[in-house]
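Taken in sequence, the protein lines are chains A, B and C.
Residue 1 is where the first sequence starts when you use the UniProt record's numbering, and the numbers rise one by one after that.
Residue 1 is where the second sequence starts when you use the UniProt record's numbering, and the numbers rise one by one after that.
Residue 1 is where the third sequence starts when you use the UniProt record's numbering, and the numbers rise one by one after that.
Note that CB positions come from ideal geometry on N, CA and C, so glycine has one too.
Owing to the predicted nature of the structure, the values given are computational and were not obtained by experimental measurement.
Working notes, structure below.
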Amino acid sequence: MFETIAYSILNGVLYGTLLFMMSSGLTLIFGMMGVLNFAHASFYMLGAYFAYTLGLATGFWVALFLAPILVGAAGALVERYGLRRVHQYGHVPELLFTFGLAYVIEELVALFWGTVPVPYKAPASLDFTAFSLMGLDYSMFKVFILLVAIVMFVGLWLLLKKTRAGLVIQGALSRPDMVGALGHNVPMVFTFVFAFGCALAGLGGVVGGIQFVTDPGMAFMMGPIVFVVVVLGGLGSVPGALVASLIIGILQTFFLSINFSLAGAIGSLGIEDSGFFGVLWHMETTRIAAVLPYLLLVLTLIFRPRGLFGKREA
Amino acid sequence: MATNTAAGGASNLLRFWPWVVIPLLALILPQIFDSRHGITLLSHMGIAIIFALSYNMLLGNTGLLSFGHAVYYGLGAYVAMHVLRMVNDAGGEGLPLELIPVVGAAAGLFFGVIFGSFSVRRAGVVFAMITLGLGALVHSSSLMFSDFFGGEAGLFGNRVAAPSLFGVDYGSNTNTYYLVVAWALIAAIFIYLLRKTPLGWMANAVRDNPERAQFVGYNPTIVRFIQFALAAMFAGLAGGLFVITDEIVNDESVGQIQSGIVLLGTYIGGIGYFIGPMVGAALVTVLESSLSSYTEAWVLYFGLLFISIVMFAPMGLVGIVHTQYLTWKAGGWKGNTGIRLYMLLAGLVGIFGAICVIELSYHYFRSWDPSAPFGLMGFTVNATTALPWLVSFGIAIIGFGLMLFHGKPMLARRISATSEGGNA
Amino acid sequence: MTKRNALELKAVKKNFGRAEIIRGVNLDVHEHERHVIIGPNGAGKSTLFNLISGRLKVSDGSIKLFDKNIHNMPAHKVNRMGLSRSFQVTNLFQNMTVMQNLRCSLLWSEGHKYAFWKSVMKQDRVTEHALALAEELNLSSQADTPASLLTYAEQRALEVGCTVASGAEVILLDEPTAGMSRTEANDAIQLIQRMTGKNTLVVVEHDLSVVFELADRISVLVYGEIIATGTPDEIRNNAAVQEAYLGTEVH
């Protein structure tokens with residue numbers, strides 16, 4: 001049991017840091033612009049694919065820097081020529097626009113790279129066992145992901161706390177109606193924040209694509225979970241996104257790694273493996289892991305719509 | 001004042017002609033597309049229309065954006081399927097087939113009341129997220145509770161082994177189609193009439209200004225709740241009809257893709273018009289079934305169409321036609337009809353070029369042998385040579401270029417010239 | 001003659017976080033009187049209205065409407081108990097026509113509730129009442145014009161009409177003449193007096209000439225407290241009021 005817990009925490013933290021790379025950008029975008037970007041995970045996917053293709057030519061280390069920049073540029077184009085136009089119609093059309101965009105990006109990725117996963121692998125320089133814990137090997141790449149996440153978190157923190165641009169963003173997060181009064185070029189700030197959030201998601205994709213799988217379905221897999229994280233953490237709250245990412249990461253890994261059902265633990269008590277309660281009684285935790293995020297999403301929205309750390313309701 | 005009369009006349013026209021034309025079409029079309037495939041497609045269209053109309057009770061009428069409306073469609077279908085199977089098991093005795101959709105509607109209403117009770121407290125993003133979560137939850141559950149949902153294979157029924165109220169033989173696809181038409185007509189009439197009731201009016205009021213609605217005595221949550229439950233009921237009705245036409249239901253019917261398609265179709269058609277969702281649903285059904293059989297790119301076309309509508313024509317396809325009709329009626333086409341037609345033609349040319357580019361891309365990137373000759377718009381081309389690409393891009397750029405940078409400024413100049421002339 | 005109180009506020013407090021916006025307001029509004037609340041910007045007048053109308057919850061204290069507690073009730077319940085309000089910023093159903101706005105405002109008070117089995121247009125009492133209101137508001141010729149296409153003054157008039165339409169006994173108007181020219185404001189005040197003859201009226205107003213023309217009694221709200229209540233003459237001669245408020249604005 002202890003091994004399982006240790007294992008879950010390690011892998012859960014790893015998964016959580018990946019979630020944070022995506023959710024921090026999404027929550028910034030939502031907090032400032034009020035846009036719940038449905039296509040956010042699509043930029044995560046673009047990050048992985050860009051890094052894969054660039055990596056073939058330049059190697060992983062150059063791609064690690066270039067791919068997020070390219071994704072950010074793509075995000076800037078989307079904001080400038082798509083979202084800004086839709087903005088005048090209100091928030092629902094904005095949501096619909098990003099919803100349609102997610103479809104289109106997925107199709108374009110499938111068009112250019114095919115529907116089967118691409119062989120996107122960790123570079124040889126990171127592809128060795130860093131340490132072993134209780135018989136399980138941890139690759140250097142996993143350690144690297146943690147490092148990237150920590151560097152990103154520190155960088156984000158410094159940006160928000162120590163720079164002028166960060167102060168503007170922070171001010172806007174708590175009082176979105178006041179952005180204009182700050183005397184800044186609001187559309188420019190929006191484009192920048194959107195591009196920046198997309199670049200963060202792209203960075204997540206660069207490492208996430210290696211850790212998991214790089215195929216056109218990866219955005220659809222990750223998208224809803226990122227929403228869950230952002231809602232649970234509190235829309236617009238970066239620390240909330242961090243905490244929620246770790247909670248979801250650890251919980252989901254934990255449920256996946258233990259093989260547990262009420263029937264297995266307590267005994268079937270004569271309850272048959274059918275009917276509503278029967279199925280629940282015999283349900284294995286690995287299956288619960290798939291629905292857990294959605295359950296959390298719905299429960300959070302019903303009972304605490306501002307999430308764990310949010311200051312205002314969605 | 002002239003515009004007002006035009007608007008009044010147009011809305012009168014819009015109000016009445018669909019009730020004649022659409023049922024007529026529904027009766028004529030099966031004579032033309034009388035293949036088995038054609039009739040099935042028409043039946044699916046009818047079902048999609050009911051589903052889209054029910055969806056628009058939320059999005060268009062109440063301003064509620066749902067990402068999980070298939071939950072009620074699918075659960076309605078499952079419950080209807082269980083009843084149909086009971087009828088089958090009883091040797092074809094019991095509820096007549098014509099009333100199976102009512103079972104679906106009741107199930108939709110039941111789940112609409114349950115899920116609606118906690119999801120409509122807020123509109124906007126919160127509501128959208130709750131429906132997204134619920135949709136995913138129900139979809140995942142459908143794969144877990146295989147007793148009720150039949151697992152991945154789904155559930156089968158037999159529409160012939162059920163009694164008929166009127167002694168109709170539903171072994172014939174055409175007869176089943178007419179059953180769909182009958183129910184679609186009934187549903188459309190009810191959904192249309194609902195818009196005229198105090199509830200329907202206050203749904204619009206709550207959509208536009210929930211606060212003001214409170215200060216005339218209405219609780220926005222209850223208005224949304226009743227609308228939501230009724231919309232779920234009609235979605236369940238559509239699900240029940242699907243059970244009859246296809247005799248199978250599986251987890252896809254409650255899935256996110258089904259929820260996404262009804263949203264896309266409704267919006268493409270135009271959420272501000274009663275016939276908008278009908279047009280959109282019919283279009284989407286045709287595109288989905290016919291386009292997917294001869295191009296892989298149909299999802300891409302679909303997504304691009306949707307994005308273009310969101311960006312350039314938020315009132316949907318029906319909105320485009322209606323706006324042009326109003327302008328024409330008000331005399332706005334006078335002296336510039338040629339330019340408008342020219343812009344339309346240039347736009348179509350541009351779209352044609354874009355389609356060529358997309359089809360070439362699919363062939364180039366996705367086929368085993370990109371250099372194999374391939375038929376494009378009647379020409380046999382080689383996608384590894386530059387010529388077809390140059391021509392396709394050329395057509396697209398020239399088409400859109402003429403529309404946006406020649407036709408559009410010309411139209412603006414002509415209109416301003418005319419209005420100045422009018423004032424002088 | 002002792003008059004019944006339409007509204008009674010006792011020690012009402014409201015704070016947002018640590019900022020106390022309303023600091024213990026006591027206010028009686030008699031039935032059928034025209035009560036005007038004045039005060040400098042930021043005194044909390046709009047907050048006070050939001051508390052009374054159920055848009056905000058009070059932090060402490062009680063609000064009674066005809067001797068029944070209404071504080072912390074949701075807005076639609078307060079409305080059903082006989083209180084209606086207008087807003088500082090025009091707040092209509094912008095996509096609806098004048099008649100549709102009026103009809104919507106009448107549906108609940110005519111008892112149609114959430115009915116989904118009858119047509120709005122066939123409710124003759126609603127139609128008659130709405131037509132009569134349009135006539136009173138001088139908007140008959142605009143009956144089928146969408147609210148968003150009306151002039152500003154017409155929109156404000158329609159808002160007054162919608163507020164009165166629900167049949168509420170107590171009407172709250174938040175700066176009904178804000179942003180209007182002198183003549184428009186005069187017309188608006190006449191309209192309000194005509195439309196609300198039988199009601200109890202509570203008005204927030206900036207324009208002091210309007211205040212003294214309209215008011216039976218005036219309350220002065222400064223920094224979340226009512227420093228004086230009285231007839232226009234009493235208020236004019238109140239030293240505290242002059243010091244806090246009037247002295248700077250009345251010439």
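Alpha-carbon to alpha-carbon, residue j and residue i
i: Arg85/B; j: Val13/A; result: 48 Å
i: Gly38/B; j: Gly223/A; result: 37 Å
i: Gly33/B; j: Leu287/B; result: The amino acid at residue 33/B is misidentified as Gly; the sequence shows Phe. Each residue's Cα considered, the two are about 16 Å apart.
i: Ile218/C; j: Ala19/C; result: 26 Å
i: Thr163/A; j: Phe112/A; result: 39 Å
i: Gln170/A; j: Asn37/A; result: 19 Å
i: Ala396/B; j: Gly350/B; result: 4 Å
i: Glu136/C; j: His91/A; result: 38 Å
i: Ser253/B; j: Val299/B; result: 18 Å
i: Leu96/A; j: Val126/B; result: 14 Å
i: Ile150/A; j: Ala136/B; result: 32 Å
i: Ala110/A; j: Ser361/B; result: 11 Å
i: Ala43/C; j: Val126/C; result: 40 Å
i: Thr97/C; j: Phe190/B; result: 24 Å
i: Ala51/A; j: Val206/A; result: 6 Å
For residue i, the three-state DSSP class (helix, strand or coil)
i: Val92/A; result: helix
i: Asp127/A; result: coil
i: Ser219/C; result: strand
i: Lys68/C; result: strand
i: Glu169/C; result: coil
i: Tyr138/A; result: strand
i: residue 285/C; result: In the structure as shown, chain C starts at 1 and stops at 251, and residue 285/C therefore has no counterpart that could be examined.
i: Phe156/B; result: strand
i: Leu83/C; result: strand
i: Phe379/B; result: strand
i: Ile271/B; result: coil
i: Ala19/C; result: strand
Beta-carbon gap between residue i and residue j smaller than 7 Å
i: Gly307/A; j: Gly240/A; result: yes
i: Gly63/B; j: Phe225/B; result: no
i: Gly154/B; j: Ile261/B; result: no
i: Lys45/C; j: Ile37/C; result: yes
i: Ala107/B; j: Val79/B; result: yes
i: Val228/A; j: Leu133/A; result: no
i: Gln258/B; j: Ala70/B; result: yes
i: Lys10/C; j: Ser62/C; result: yes
i: Thr131/B; j: Phe228/B; result: no
i: Gly104/B; j: Gly236/B; result: yes
i: Ala205/B; j: Phe93/C; result: yes
i: Ile210/C; j: Thr177/C; result: First, the amino acid is wrong: residue 210/C is Val here, not Ile. Yes, these two residues count as a Cβ contact at 7 Å.
i: Val71/A; j: Leu46/A; result: yes
i: Trp108/C; j: Val216/B; result: yes
i: Pro373/B; j: Thr384/B; result: no
i: Gly94/B; j: Val87/B; result: yes
i: Ala130/C; j: Leu150/C; result: no
i: Ala231/B; j: Pro220/B; result: no
Contact test: residue i Cβ vs the ligand ZN heavy atom, cutoff 6 Å
i: Leu56/C; result: As presented, the structure is devoid of all ligands, the ligand ZN included, so that no description of it is given.
Buried or exposed (CB count within 10 angstroms, at least 16 for buried), residue i
i: Thr5/B; result: Residue placement at Thr5/B is flagged as unreliable, the pLDDT there being 34, under the threshold of 50; a coordinate-derived value is accordingly withheld.
i: Glu243/C; result: exposed
i: Trp61/A; result: exposed
i: Lys14/C; result: buried
i: Glu159/C; result: buried
i: Trp183/B; result: buried
i: Thr3/B; result: Note that Thr3/B scores a pLDDT of 32, beneath 50, so its modelled location is shaky; the value from the coordinates is reported in the next line. Flag for Thr3/B reads exposed.
* Asked: Counting pairs of beta carbons, one from the segment 122–132 of chain A and one from the segment 235–249 of chain A, are three or more of them closer than 8 Å?
  -> They do not touch, by the three-pair rule.
* Asked: Pairing CB atoms from the segment 40–47 of chain A with CB atoms from the segment 100–115 of chain A, are three or more of them under 8 Å?
  -> Taking a contact to require three or more Cβ pairs closer than 8 Å, the segment 40–47 of chain A and the segment 100–115 of chain A qualify as touching.
* Three CB pairs or more closer than 8 Å across the segment 243–258 of chain A and the segment 80–94 of chain A -> Output reads no: the segment 80–94 of chain A does not touch the segment 243–258 of chain A.
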